[in-house]
Every structure is written in C-alpha cells, then in structure tokens.
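Colleague:
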Amino acid sequence: MNVPEEEPLENNEISVGRCLMDNWVEERATALLDNSMPRTRIHKNGHRGILTLDMTAKVQGLSTIKSSYTPPKGPGIREKGLRGELLEKYLFEKISAEVQAEFNPKPPATEFCSTTQADYTMEGFRCVSPTILSQEYDYKTDQAITLWNENYHLLQGVTAVTTKDAPFRKNTSFSKPISEQLDNTML
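Numbering-wise, my numbering puts 870 at position 23 of the sequence shown, and it's gapless, one number per residue.
(1) Note down the Cα distance separating M969 from I942, rounded to an integer number of angstroms.
(2) Under DSSP, the alpha helix (DSSP H) around G931 begins and ends at which residues?
(3) Quick check on DSSP: helix, strand or coil for E853?
(4) Run through DSSP, which three-state label would E983 get?
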C-alpha cells in the first residue's frame, strides 16, 4: 500500500490540526481565518465572527429552553365572571397589604427631646403665648418691641418712663451709697 506524503506547508500557512470526521464545514469556514493571525492569538481570543468569548458582549439572558418555550394560551373566552375576578383581586390586595404590614411594620414614632427639654420641664406648667398685635406695626419707623419695652413697668427701682420713645433712665438704686440703701436696723 502506497501512502501519499503530505505536502509541505507554505511559510504563511499555519497548521491547525487534522480535520475531524464530519467537521469539514467548520474547518472550511475557519481556514481563511486561521491564516490571518498567529496561532497563539487564535487560541487566546478565538475567531471574530464565530462563536467566541466576547468580553464586551452583554448577557442576553436567553437559553435554548427560554427561546424555545411558548407560554400556554388560554381558551380565548372568560373563564370567571366579572364579580369573581374583582373579588379575587380585592382579596389578593387585602391579604398582600396585611402580610406587608406584618413583615414590615412601621417604625415607632421617634420622640426627640433635647437636654434642655429634659432638664427644664415642670409638671403643670402652661406656656402663655404673647398677645397678637391688633394694629399694624411698621418695623421701619416704630421702636422695636423687646422684652425690656414690654416689661419695664414691672421692674422696681427704675424711674418712670412716660413714653416708649423716651431714652433709657438710670436705676436709682445704683446711684445711692450702700449706707443709704440699707436700713439702719441692719447695720
């Protein structure tokens, strides 16, 4: 038996391997591509345009089962009455809301309390808000309303202020000597 010898390969051809049985279609499709780049790059990256590992491709999320699956079709007519469908939908929403409330309860209301609020609270204290002004107040020309202007008449030892426009008067108790301020019985 006379076996023909293989022809020597040209310099630009790369031998990829022998053709597998019944695989001649793929070998013929890649024959031109096998000669276009070095063998190491082919093994690393594969051929462009043939099944290859493409790192830039997005995952399609398809499989042969998903692509060949056809969902079952209904008979095309109403199987339940309108009232039954509405009742089923209502019960589904009601039970879903109950389960949601059971597994995800609302957080308790947070009570914010500062140190000042905690330390300076007194049982039975009722805050009286100031009276609302019955007349218009012109903030550009009128004297400012302050704690002093509102409560100056309650302080002792201050000379009488006749009008709100009057200048501040000095306290007479500071201008007297201590011996005159104190009772003679205490000395």
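Heads up, the beta-carbon is just placed ideally off N, CA and C, and yes, glycines get one too. Every value quoted in this text rests on a predicted model; they were computed, and no experiment measured them.
Modeller: According to the data block:
(1) 47 Å
(2) 929-950
(3) Reliability of the predicted coordinates at E853 is poor, the pLDDT of 47 falling under 50, and the value obtained from them is presented with this limitation in mind. Three-state DSSP puts E853 in coil, outside helix and strand.
(4) coil
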